[in-house]
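In what follows, a structure is listed as structure tokens, so that the remarks can point back to it.
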Amino acid sequence: MSLFWVMIPQLAEIQEQMASSKKVIMREEWEKRLNHIRIRKEDMNKLVMNFLVTEGYAEAVAKFRMETGTEPDMDVAMIMDRMAVKEAVQCGNVEDAIEKVNDLNPEILDTNPELFFHLQQQRLIELIRNEKIEEALEFAQEELAPRGEENQSFLEELERTVSLLVFKDVSNCPVRELLDISQRLKTANEVNAAILTSQSHEKDPKLHSLLKMLIWAQNQLDEKATYPRIKDFLKATLENPAV
Amino acid sequence: MPSATVNKPRPSELLSRLTSAEPEVKVRALREVKNQIIGNRTKKLSFLKLGAVPAVAGILADSIDDVTENNNCNNTNNFLVQSAAALGSFACGFDAGVQAVLDAGAFPNLLRLLANPNEKVVDAVARALRMIYQSKLAPKYDFLQQKNMEFLISLLNSEKETVSGLGASIISRSCETNLEQKALFDAGILRKLNSLLEGGSLSLRDASLESLATVFRNNPEVISKFAGPEIGRPLSSIIDLAKDRYPRTRLLACMCLIVIRNASPHFLQDIGIKTKLIHILLELLDDPGQVGDEAPFAFSSLIAQKEDLQKLALEANAIDKFHHHIKKGSLHPRRYEGILLALADMCSKLESCRSKFLSLQVLNLVADALTDYNAGVRAAACICLKSVTRSIKNLSAGYFMNETIVIPLVQLFLDPSTSVQVAALGATSNIVVDFTTRKSIFVQCGGMKQLVQLAKSMESSVRSNALWALKNFVFQADNRLKEGVFSELTASLLSSLIRDPEPSVQEQALALVRNLVDGCINLIEFVFAEDGLILGAIGRQLQCASKAEIGIQGMYALCNVASGNEFHREAVMQLLFTQMGDKNQSFVVKFLQSNDSQLRTATVWTIVNLTCPSSPGAPCRLEKLRNAGIVSQIKNMVNDPCVDVKLRVRTVLGQSMAFGDN
Chain A
1 MSLFWVMIPQ LAEIQEQMAS SKKVIMREEW EKRLNHIRIR KEDMNKLVMN
51 FLVTEGYAEA VAKFRMETGT EPDMDVAMIM DRMAVKEAVQ CGNVEDAIEK
101 VNDLNPEILD TNPELFFHLQ QQRLIELIRN EKIEEALEFA QEELAPRGEE
151 NQSFLEELER TVSLLVFKDV SNCPVRELLD ISQRLKTANE VNAAILTSQS
201 HEKDPKLHSL LKMLIWAQNQ LDEKATYPRI KDFLKATLEN PAV
Chain B
244 MPSATVNKPR PSELLSRLTS AEPEVKVRAL REVKNQIIGN RTKKLSFLKL
294 GAVPAVAGIL ADSIDDVTEN NNCNNTNNFL VQSAAALGSF ACGFDAGVQA
344 VLDAGAFPNL LRLLANPNEK VVDAVARALR MIYQSKLAPK YDFLQQKNME
394 FLISLLNSEK ETVSGLGASI ISRSCETNLE QKALFDAGIL RKLNSLLEGG
444 SLSLRDASLE SLATVFRNNP EVISKFAGPE IGRPLSSIID LAKDRYPRTR
494 LLACMCLIVI RNASPHFLQD IGIKTKLIHI LLELLDDPGQ VGDEAPFAFS
544 SLIAQKEDLQ KLALEANAID KFHHHIKKGS LHPRRYEGIL LALADMCSKL
594 ESCRSKFLSL QVLNLVADAL TDYNAGVRAA ACICLKSVTR SIKNLSAGYF
644 MNETIVIPLV QLFLDPSTSV QVAALGATSN IVVDFTTRKS IFVQCGGMKQ
694 LVQLAKSMES SVRSNALWAL KNFVFQADNR LKEGVFSELT ASLLSSLIRD
744 PEPSVQEQAL ALVRNLVDGC INLIEFVFAE DGLILGAIGR QLQCASKAEI
794 GIQGMYALCN VASGNEFHRE AVMQLLFTQM GDKNQSFVVK FLQSNDSQLR
844 TATVWTIVNL TCPSSPGAPC RLEKLRNAGI VSQIKNMVND PCVDVKLRVR
894 TVLGQSMAFG DN
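So the protein lines, in turn, are chains A and B. Counted the way this note's numbering counts, the first sequence spans residues 1 to 243. Counted the way this note's numbering counts, the second sequence spans residues 244 to 905.
Printed below as a string of structure tokens:
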């Protein structure tokens with residue numbers, strides 16, 4: 001017992017030493033430094049606009065432009081075209097989506113075999129979902145099998161998809177995630193990104209990159225200092241550094 | 244409601260609707276064809292076979308007429324857009340489609356439509372034309388004609404990216420000669436491309452990089468004019484793009500810089516840029532797509548034939564990285580081929596690279612590639628082997644003469660692809676120079692017989708490479724082996740190969756004889772077989788030798804024959820003199836006067852053997868040589884610039900003096 005009481009102050013000292021091997025910056029100091037940095041309102045507006053444009057919120061883009069005067073880096077009409085495609089996929093109207101993409105720019109599907117395959121795969125999934133089994137098999141044979149012949153990974157994906165037909169209880173089969181709405185979203189996002197790239201626009205909003213940068217920078221700094229970090233990005237509050 | 248695929252019209256049905264009188268039916272069918280073929284190579288092929296392309300091209304042509312007659316504008320534009328898009332899709336990455344579009348006469352119509360007022364029409368047309376220009380089958384663009392150059396400039400100056408991109412594609416495809424490159428430079432095109440580099444969008448930047456590389460290729464003058472006065476600045480924009488965030492841009496920028504480096508000794512030579520290029524290209528290997536497939540080819544163009552770069556790449560662990568990628572397996576054939584060729588270039592000159600290669604056990608993976616289903620990969624594996632087997636250290640240790648390599652390699656002698664055969668023969672030629680006595684493995688797996696078969700091939704490159712391999716195979720081999728080769732070959736085949744129409748084949752055949760008769764005196768009998776067929780062939784071939792190399796090998800063959808007995812020496816003498824015909828000069832004098840020092844050396848050596856003092860017939864032969872003016876020719880060569888020649892000349896003169904000559 002007495003040994004315990006001897007150890008405590010020793011431990012406290014060690015901890016203090018460990019804590020002090022990293023530089024410590026207190027909240028007040030930190031906030032003072034932060035206040036020196038100027039961020040312009042226009043820049044923040046641009047970031048928001050860029051987010052809205054990339055994600056495709058056409059109405060929000062128009063409204064935000066009206067309210068702030070920030071110019072979108074893309075025509076609203078183009079955004080709406082792109083959104084029509086994305087929504088078609090999300091509703092399962094893949095054929096319609098394909099026609100719309102081809103009206104926008106026929107090169108996209110002609111030069112993106114992976115995207116084209118995923119769209120065709122989604123068509124097959126929708127046919128299976130609606131229990132149009134014969135049509136599904138015909139479609140798989142006529143449209144998808146040749147793609148599988150051209151590419152090994154496509155073949156594997158095709159086999160996974162066709163295996164949906166084998167299971168009586170699809171909700172429990174190993175490939176059930178293919179029937180999930182999230183699969184539609186995945187395909188929709190892929191199309192969205194491809195259209196943006198074809199228009200020489202970045203496929204990720206800049207806000208995304210900024211957040212990634214923040215996380216990375218904090219991780220790097222964690223190794224060298226104790227400082228008020230942001231733990232919850234939604235709240236963006238500074239947590240007091242542990243001492 | 245989810246889409247259904249019910250009641251899809253058959254392709255032939257769709258095609259007949261294309262010629263319908265009702266515009267509604269026609270345009271719907273057109274759109275349907277377009278949507279079916281986009282992204283779908285199989286459909287493109289089947290529609291092509293049904294004659295869809297002329298039908299669509301016809302709609303395009305009719306719609307142009309409608310435009311000129313100012314008929315229903317919206318409808319016409321729709322027809323134009325859809326038909327142009329369909330034609331563009333047929334041409335996209337599909338040579339048969341490109342050919343069909345050109346054959347259908349759509350090309351001039353598409354060009355005319357670039358001036359159409361409707362934006363969507365122009366976009367569709369520009370895209371279609373760009374697809375055509377991405378193919379080798381595209382019509383050649385004549386830059387040297389003034390109005391063509393003006394048209395090109397107008398394309399590049401367009402606000403529309405699809406159109407300026409087309410301009411860049413035309414340059415990338417059609418610019419070939421130095422004259423065209425200069426014409427483009429003079430017209431200010433390079434400045435324009437450079438501004439597209441700095442201000443344009445992603446795809447435009449990439450297109451400009453490709454075009455710039457095309458204009459710079461093998462043209463140091465254009466490069467220095469472009470980069471010269473503002474030293475560093477135009478080049479620096481390209482160098483910056485080599486660090487761009489998009490992999491394709493990085494690759495294209497590197498390729499452009501490599502073109503500049505290779506053409507011009509003044510630019511991009513410092514070690515910093517060399518190291519940077521190597522690192523960027525090695526890192527691009529990690530890209531899973533087409534960029535990663537093409538990166539090793541760019542790497543090869545950077546290091547090929549350049550030892551300093553190979554050394555730097557070795558230090559940057561290039562071989563380890565390539566090994567790592569091949570080990571992963573299931574590579575795209577293009578990527579596999581590229582990596583194997585890059586390894587071949589790395590190991591082509593430096594023993595340090597070969598040691599690294601062998602220590603990492605890459606050899607086994609390359610041996611696997613010999614049986615790959617893709618011909619390009621098989622050929623590349625052979626080329627890689629050829630480089631690695633230049634390692635004399637390992638060759639002497641018999642490292643390569645084992646079943647894992649020899650058996651698949653010999654199988655490739657029967658490969659359907661000629662380039663694979665030739666590549667396999669190249670690798671074999673090195674491997675059979677085995678300084679141990681393990682050549683029997685090669686005979687056991689039928690390799691030697693195969694080589695003889697290939698020496699009868701219709702392809703001259705296969706014949707000459709097979710002979711090359713045989714020549715190396717019998718190099719300093721034991722008598723039994725040589726006799727085996729000779730009996731398989733037969734005197735008549737060998738003599739006909741000596742008289743082959745192709746000089747390269749003649750050369751290798753003569754070299755083979757040289758190696759066969761070298762050494763034991765019994766082997767010299769080969770050339771006398773079947774009434775001296777081979778000896779006669781050598782004589783006739785030397786009389787009309789079309790290049791020095793043939794003379795060299797032939798003379799060394801004779802030299803070796805003359806190292807035998809008196810009978811052999813007399814036979815050689817007869818050969819040297821009976822071929823004179825109405826020429827006063829024997830070819831011997833011609834060879835002695837040749838500019839090629841090796842030829843002079845070989846000829847003098849032969850004379851040395853013919854006039855060897857220990858042989859009884861030597862004085863008589865010397866007299867004959869003197870009478871033919873050969874001895875005085877040799878006397879003139881006392882101070883020959885080549886040391887080998889000089890020494891042998893002195894030997895001859897010394898020998899002749901032993902017979903009382905002054």
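Using N, Cα and C, we set each Cβ at its ideal position, and we do this for glycine too. Owing to the predicted nature of the structure, the values given are computational and were not obtained by experimental measurement.
Quiz item: What first and last residue would you give for the alpha helix (DSSP H) that runs through Phe-233(A)?
Solution: Premise fails: Phe-233(A) is in no alpha helix (DSSP H) and is neither H nor E.
Practice problem: Following the continuous alpha helix (DSSP H) through Ala-624(B), name the residue where it begins and the one where it ends. | Solution: 618 to 631
Exercise. Below 8 Å CB to CB, which residues in the same chain sit around Ser-662(B) once its five sequence neighbours on both sides are set aside?
Key: Ala-618, Ala-622
Quiz item: Is Thr-226(A) helix, strand or coil by DSSP?
Solution: strand
Self-check item: Closest Cα partner of Ser-332(B) within the set Asp-483(B), Asp-385(B), Thr-319(B), Leu-372(B)
Solution: Leu-372(B)
Self-check item: the segment 183 to 194 of chain A contacting the segment 33 to 48 of chain A, beta-carbon criterion three pairs below 8 Å
Solution: no
Quiz item: Between Ala-845(B) and the rest of its own chain, which residues show a CB-CB distance below 7 Å, the 5 nearest in sequence each way excluded?
Solution: Ile-795, Met-798, Tyr-799, Cys-802
Exercise. Step through the CB atoms of chain A and report whether any lies within less than 7 Å of the CB of Pro-282(B).
Key: Sequence check: residue 282(B) is Gly here, not Pro. Yes, Gly-282(B) lies at the interface with chain A (some Cβ there is under 7 Å from its Cβ).
Quiz item: Closest Cβ-Cβ distance between Leu-353(B) and chain A: below 7 Å?
Solution: no
Quiz item: Do you know how far the Cα of Asn-673(B) is from the Cα of Asn-581(B)?
Solution: For the sequence presented, residue 581(B) should be read as Gly rather than Asn. If you take the alpha carbons of Gly-581(B) and Asn-673(B), they lie about 22 Å apart.
Quiz prompt | N- and C-terminal bounds of the alpha helix (DSSP H) containing Met-798(B) | solution = 791 to 804
Quiz item: Are there 16 or more other CB atoms within 10 angstroms of the CB of Ala-328(B), so buried, or fewer, so exposed?
Solution: buried
Exercise. Check whether the segment 123 to 134 of chain A touches the segment 161 to 174 of chain A, counting contact only when three or more Cβ pairs, one atom from each stretch, lie closer than 8 Å.
Key: yes
Self-check item: Straight-line gap, Arg-253(B) to Ala-272(B) (C-alpha atoms, nearest Å)
Solution: 11 Å
Exercise. Determine the direct distance from the alpha carbon of Arg-869(B) to that of Leu-652(B), and round the result to whole angstroms.
Key: 52 Å
Quiz item: According to DSSP, is Val-760(B) helix, strand or coil?
Solution: helix
Quiz item: Can you find at least 3 beta carbon pairs, one from the segment 564 to 584 of chain B and one from the segment 603 to 619 of chain B, that sit closer than 8 Å?
Solution: yes
Quiz prompt | Reference Ala-612(B); option with closest CA among Cys-627(B), Ala-295(B), Leu-603(B), Phe-600(B) | solution = Cys-627(B)
Self-check item: Cβ pair Asp-96(A), Ile-281(B) closer than 7 Å
Solution: no
Quiz item: Who are Lys-23(A)'s beta bridge partners in DSSP?
Solution: Ala-225(A)
Exercise. Examine chain A for any beta-carbon lying closer than 7 Å to the beta-carbon of Asn-278(B), and answer yes or no.
Key: yes
Quiz item: Quick one: does Asn-50(A) have its CB under 7 Å from some CB of chain B?
Solution: no
Quiz prompt | Any alpha helix (DSSP H) of 4 or more consecutive residues that is wholly inside the segment 112 to 158 of chain A | solution = 113 to 129, 133 to 139, 145 to 150
Exercise. Could you give the DSSP three-state label for Gln-389(B): helix, strand or coil?
Key: helix
Quiz item: Between the segment 682 to 689 of chain B and the segment 729 to 738 of chain B, do three or more beta carbon pairs fall short of 8 Å?
Solution: no
Practice problem: Closer than 7 Å, Cβ to Cβ, to anything on chain B: give me those residues from the segment 89 to 104 of chain A, in chain order. | Solution: Gly-92, Asn-93, Val-94, Glu-95, Asp-96, Ile-98, Glu-99, Asn-102
Quiz item: Within this structure, are the beta carbons of Ala-194(A) and Asn-112(A) separated by less than 7 Å?
Solution: yes
Quiz prompt | Among Ser-639(B), Glu-441(B), Ser-598(B), Gly-641(B), nearest to Gly-631(B) - alpha-carbon criterion | solution = Residue identity check: residue 631(B) is Val in the sequence provided, not Gly. The shortest C-alpha separation from Val-631(B) is found at Ser-598(B).
Practice problem: Report the rounded CA-to-CA distance for Ser-263(B) versus Ala-347(B), giving the unit in angstroms. | Solution: 19 Å
Quiz item: If we ignore side chains and look at the alpha-carbon of each, how far apart do Ser-591(B) and Asn-637(B) end up?
Solution: 15 Å
Self-check item: the segment 369 to 388 of chain B / the segment 413 to 426 of chain B touching (three or more Cβ pairs under 8 Å)
Solution: yes
Practice problem: Drop a sphere of 10 angstroms on the beta-carbon of Gln-719(B), count the other beta-carbons inside from all chains shown, and report buried for 16 or more, exposed for fewer. | Solution: exposed
Quiz item: Can Val-53(A) and Met-80(A) be called in contact, C-beta distance under 7 Å?
Solution: no
Practice problem: Please state if the CB of Ala-58(A) and the CB of Val-76(A) are separated by a distance shorter than 7 Å. | Solution: yes
Quiz item: Going along the chain, which unbroken runs of the beta strand (DSSP E) with 3 or more residues stay wholly within the segment 502 to 580 of chain B?
Solution: none
Exercise. With Arg-253(B) as the anchor, note down where its alpha helix (DSSP H) starts and where it stops.
Key: It is not in any alpha helix (DSSP H) - Arg-253(B) carries neither H nor E in the DSSP assignment.
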